[in-house]
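Visitor: Just passing along the structure, written as structure tokens.
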Amino acid sequence: MQRRQQIEQETRKKISDPYDVDYFARKHGISSKDAARIINLHRSDRDSADRAAYHLKGSC
Numbered sequence: 897m898q899r900r901q902q903i904e905q906e907t908r909k910k911i912s913d914p915y916d917v918d919y920f921a922r923k924h925g926i927s928s929k930d931a932a933r934i935i936n937l938h939r940s941d942r943d944s945a946d947r948a949a950y951h952l953k954g955s956c
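Just add 896 to wherever you are in the sequence shown, counting from 1, and you've got my numbering.
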């Protein structure tokens, strides 16, 4: 039981880790400045950050 709890905690931590700014910028083809701003705004919500980058890129 204790090992299972440890694995669940490690999994939660990995899911909630914020994006790396350079990786995020390359992934979406946006500037590092824009990527940092999006990541700071959306924190660990990767889906929201991805949608924001998609909309930013689409508006240019």
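Ideal Cβ placement from N, Cα and C applies to all residues, glycine included.
Around the Cβ of Y950, are there at least 16 other Cβ atoms within 10 angstroms (buried) or fewer (exposed)?
Guide: By the neighbour-count rule (16 or more Cβ atoms within 10 Å), Y950 is not buried but exposed.
Visitor: Tell me whether the beta-carbon of A945 lies closer than 8 Å to the beta-carbon of Y919.
Guide: Contact: no.
Visitor: Are V917 and S927 close, meaning C-beta to C-beta below 8 Å?
Guide: For V917 and S927, no; Cβs fall outside 8 Å.
Visitor: To the nearest angstrom, report how far apart K910 and D941 are at their CA atoms.
Guide: Reliability fails at K910, whose pLDDT of 49 lies under 50, so the model's placement of it is uncertain and no value is given.
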